[in-house]
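From first to last, the protein sequence lines stand for chains A and B.
According to the working numbering, the first sequence is numbered sequentially starting from 33.
According to the working numbering, the second sequence is numbered sequentially starting from 33.
Idealized CB from N, CA, C, for every residue including glycine.
Please read all numbers here as calculations on a predicted model, not as lab measurements.
Notes for the one structure printed next.
2 protein chains.
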Amino acid sequence: MILYEHDTSGNCLKCRMLLNELGLSYESVSVDLFRGETRTDEHFARNPDGRIPVLELDSGETISESGAILLYLAEGSDYLPSDRLGRARVAQWMFFEQNRVEAELAVARFMRLAGRDRTMPLAYAQRLERGSDALEALERGLADGRSFITGETYTVADIALYGYVHCAGDAGTDPRTHEHLAAWLDRIEARPGFVNDLAPFPDYASQRPI
Amino acid sequence: MILYEHDTSGNCLKCRMLLNELGLSYESVSVDLFRGETRTDEHFARNPDGRIPVLELDSGETISESGAILLYLAEGSDYLPSDRLGRARVAQWMFFEQNRVEAELAVARFMRLAGRDRTMPLAYAQRLERGSDALEALERGLADGRSFITGETYTVADIALYGYVHCAGDAGTDPRTHEHLAAWLDRIEARPGFVNDLAPFPDYASQRPI
Numbered sequence: 033m034i035l036y037e038h039d040t041s042g043n044c045l046k047c048r049m050l051l052n053e054l055g056l057s058y059e060s061v062s063v064d065l066f067r068g069e070t071r072t073d074e075h076f077a078r079n080p081d082g083r084i085p086v087l088e089l090d091s092g093e094t095i096s097e098s099g100a101i102l103l104y105l106a107e108g109s110d111y112l113p114s115d116r117l118g119r120a121r122v123a124q125w126m127f128f129e130q131n132r133v134e135a136e137l138a139v140a141r142f143m144r145l146a147g148r149d150r151t152m153p154l155a156y157a158q159r160l161e162r163g164s165d166a167l168e169a170l171e172r173g174l175a176d177g178r179s180f181i182t183g184e185t186y187t188v189a190d191i192a193l194y195g196y197v198h199c200a201g202d203a204g205t206d207p208r209t210h211e212h213l214a215a216w217l218d219r220i221e222a223r224p225g226f227v228n229d230l231a232p233f234p235d236y237a238s239q240r241p242i
Numbered sequence: 033m034i035l036y037e038h039d040t041s042g043n044c045l046k047c048r049m050l051l052n053e054l055g056l057s058y059e060s061v062s063v064d065l066f067r068g069e070t071r072t073d074e075h076f077a078r079n080p081d082g083r084i085p086v087l088e089l090d091s092g093e094t095i096s097e098s099g100a101i102l103l104y105l106a107e108g109s110d111y112l113p114s115d116r117l118g119r120a121r122v123a124q125w126m127f128f129e130q131n132r133v134e135a136e137l138a139v140a141r142f143m144r145l146a147g148r149d150r151t152m153p154l155a156y157a158q159r160l161e162r163g164s165d166a167l168e169a170l171e172r173g174l175a176d177g178r179s180f181i182t183g184e185t186y187t188v189a190d191i192a193l194y195g196y197v198h199c200a201g202d203a204g205t206d207p208r209t210h211e212h213l214a215a216w217l218d219r220i221e222a223r224p225g226f227v228n229d230l231a232p233f234p235d236y237a238s239q240r241p242i
């Protein structure tokens with residue numbers, strides 16, 4: 033398998049986290065989203081949306097969207113329940129993550145790290161406010177004392193959420209001010225199979241349009 | 033089953049579309065997102081994120097996030113492939129939809145219909161630009177002449193995408209300027225089981241904070 037990815041991307045980190053947990057070997061090909069390498073004809077052929085991560089299977093087929101890659105890789109493993117309702121719960125938090133965490137906090141994080149919080153203050157504030165509200169929702173989801181977001185088992189929903197929740201401080205809101213969220217982060221980071229090799233943005237990140 | 037929903041919500045429309053295709057009966061309970069009814073303790077108990085739609089099963093269990101509800105209901109039907117790669121393709125476009133269509137175009141649509149495009153012009157412009165880019169991605173995804181987004185079969189990925197793509201004009205970008213996207217919309221709207229009962233926003237919609 034080949035994972036087209038970039039070391040600065042939380043969405044790509046999620047894939048690396050699961051691949052490491054599963055002990056799967058793969059080739060990593062770096063595609064620099066800050067240098068426009070995700071928006072070439074070559075990459076559009078892998079993913080019509082021109083983004084990363086993209087997983088290329090040995091058959092040559094490609095799967096994009098971190099959530100779809102996680103669900104594909106986790107099939108049949110302990111990281112994805114086999115029962116219908118259990119799968120729905122995992123999917124629920126993964127859709128929540130893409131809609132409420134990634135689209136708000138990851139964008140707010142990019143804007144803040146690239147100085148757009150000063151040039152587009154209301155746009156930044158809206159992303160941050162909606163993203164902070166998502167962290168409160170997550171805190172409510174964990175408030176009954178469960179170990180992981182869908183219960184006592186660590187699943188791809190936790191991995192998906194970890195990607196941008198753990199670095200929400202970069203966006204302007206510290207996730208560890210939430211009691212249950214802080215304990216959940218600790219629990220994930222204490223796992224034997226845990227990796228977090230998310231790289232800082234390069235100097236030229238601010239040149240990327242958004 | 034009970035569907036907690038609102039007639040103005042594209043995310044709720046998706047559930048109604050699939051329920052109608054499947055011929056399933058359910059009770060509809062209206063929860064007015066513009067009057068704060070999704071942010072009560074009663075509704076937080078159904079969905080920690082305080083949003084709609086929420087599907088309550090006969091067992092009393094609840095599932096939120098339109099994508100998770102669609103995947104749950106479609107299990108074992110023609111609207112969701114049974115093979116691993118086919119499911120991954122459906123999931124790919126459903127995550128794309130929540131991250132790139134819903135989070136950008138549905139928010140831009142709300143902002144424009146509620147007059148926020150004038151009070152927060154850069155925030156609105158950013159949502160619209162990113163959402164318009166998502167429509168271009170979708171056009172690329174359909175450009176090989178396929179009938180539906182994952183191939184020749186109508187799946188929950190098409191239903192999920194239809195929810196906010198068909199009304200992207202309200203957000204400020206006409207989806208029908210894209211050739212393949214226009215044909216795809218026509219194909220969905222010509223289906224015997226098609227319903228679109230999306231209601232206009234009420235007069236008091238602009239009072240909702242965002």
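Can you check which of these residues, the options, is closest to residue i by C-alpha distance?
i, options, result
"B/Trp216", "B/Tyr194, B/Gly201, B/Arg150 and B/Asp73", "B/Tyr194"
"B/Ala189", "B/Asp176, B/Leu170, B/Ala200 and B/Asp202", "B/Leu170"
"B/Glu211", "B/Met49, B/Phe142, B/Gly204 and B/Leu167", "B/Leu167"
"B/Val122", "B/Tyr186, B/Tyr196 and B/Arg208", "B/Tyr186"
"B/Asn228", "B/Ala155, B/His38, B/Ile34 and B/Lys46", "B/Lys46"
"A/Leu174", "B/Ser60, B/Met33 and B/Pro80", "B/Pro80"
"B/Tyr111", "B/Thr182, B/Gln130 and B/Gly92", "B/Thr182"
"B/Ala106", "A/Arg119, A/Ser96 and A/Tyr104", "A/Arg119"
"A/Ala222", "A/Gly42, A/Gly68, A/Glu53 and A/Asp149", "A/Glu53"
"B/Pro113", "B/Arg48, B/Asp235 and B/Glu184", "B/Glu184"
"B/Gln124", "A/Gly177, A/Thr40, A/Ala100 and A/Arg48", "A/Ala100"
"B/Arg148", "A/Gln158, A/Val139 and A/Arg148", "A/Gln158"
Is DSSP giving residue i helix, strand or coil here?
i, result
"B/Ile95", "strand"
"A/Ile84", "coil"
"A/Leu35", "strand"
"A/Asp180", "The question names Asp, yet the displayed sequence has Phe at residue 180 of chain A. Residue state, collapsed to three classes: strand."
"A/Ser62", "strand"
"A/Ala175", "coil"
"B/Ser114", "coil"
"B/Leu145", "helix"
"B/Met152", "coil"
"B/Asn131", "helix"
"A/Asn79", "coil"
"A/Ser238", "helix"
"A/Leu56", "coil"
"A/Leu89", "coil"
"B/Gly108", "coil"
"B/Thr40", "coil"
"A/Thr70", "helix"
Which residues in the same chain have their Cβ closer than 6 Å to the Cβ of residue i, if we skip the five residues on either side of it in sequence?
i, result
"B/Thr94", "Arg78, Val86 and Glu88"
"B/Val61", "Ile34 and Tyr36"
"B/Ala201", "Going by the sequence as given, residue 201 of chain B is Gly instead of Ala. Result list for B/Gly201: empty, nothing under 6 Å."
"B/Arg96", "Per the sequence presented here, residue 96 of chain B reads as Ser, with Arg not at that position. If we look at B/Ser96 and ignore the five residues flanking it on each side, its Cβ neighbours are Asn79 and Val86."
"A/Glu69", "Val63"
"A/Asp73", "none"
Please confirm whether residue i and residue j have their CB atoms less than 9 Å apart.
i, j, result
"A/Leu137", "A/Gly108", "no"
"A/Leu65", "A/Ile191", "no"
"B/Ser98", "A/Phe76", "no"
"B/Ala231", "B/Arg141", "no"
"B/Asp260", "B/Arg132", "Residue 260 of chain B lies beyond the range of chain B shown here (33 to 242); nothing can be said about it."
"A/Gln130", "B/Ala135", "yes"
"A/Tyr104", "B/Arg150", "no"
"B/Leu293", "B/Thr209", "Look at the range of chain B in this structure, 33 to 242, and you will see that residue 293 of chain B is not part of it."
"A/Cys199", "A/Gly92", "no"
"B/Arg71", "B/Gly55", "no"
Within the same chain, show all residues whose beta-carbon is closer than 8 Å to that of residue i, passing over the 5 residues directly before and after it, in chain order.
i, result
"A/Ala146", "Phe233, Ala237, Ser238, Arg240 and Ile242"
"B/Leu213", "Leu167, Leu170, Glu171, Leu174, Val197 and Pro207"
"A/Thr40", "Leu65, Phe66, Leu230, Ala231, Pro232, Phe233, Pro234 and Ala237"
Which same chain residues end up closer than 7 Å to residue i when comparing Cβ atoms and leaving out the 5 residues on each side of it in sequence?
i, result
"B/His38", "Cys44, Ser62, Val63, Asp64, Leu65 and Ile84"
"A/Arg219", "Ser179"
"B/Asp90", "Met33"
"A/Leu50", "Leu102, Leu105, Ala106, Tyr111, Val188 and Ile191"
"B/Tyr58", "Met33, Ile34, Leu35 and Leu51"
"A/Gly225", "Asn52 and Glu53"
"B/Asp176", "none"
Is there at least one Cβ from chain E nearer than 9 Å to residue i's Cβ?
i, result
"A/Glu97", "Absent from the structure: chain E. Protein chains present are A and B."
_Contained alpha helix (DSSP H) runs [length at least 4] in the region 157 to 231 of chain A, N- to C-terminal order_ = 188 to 197, 200 to 203 and 211 to 221
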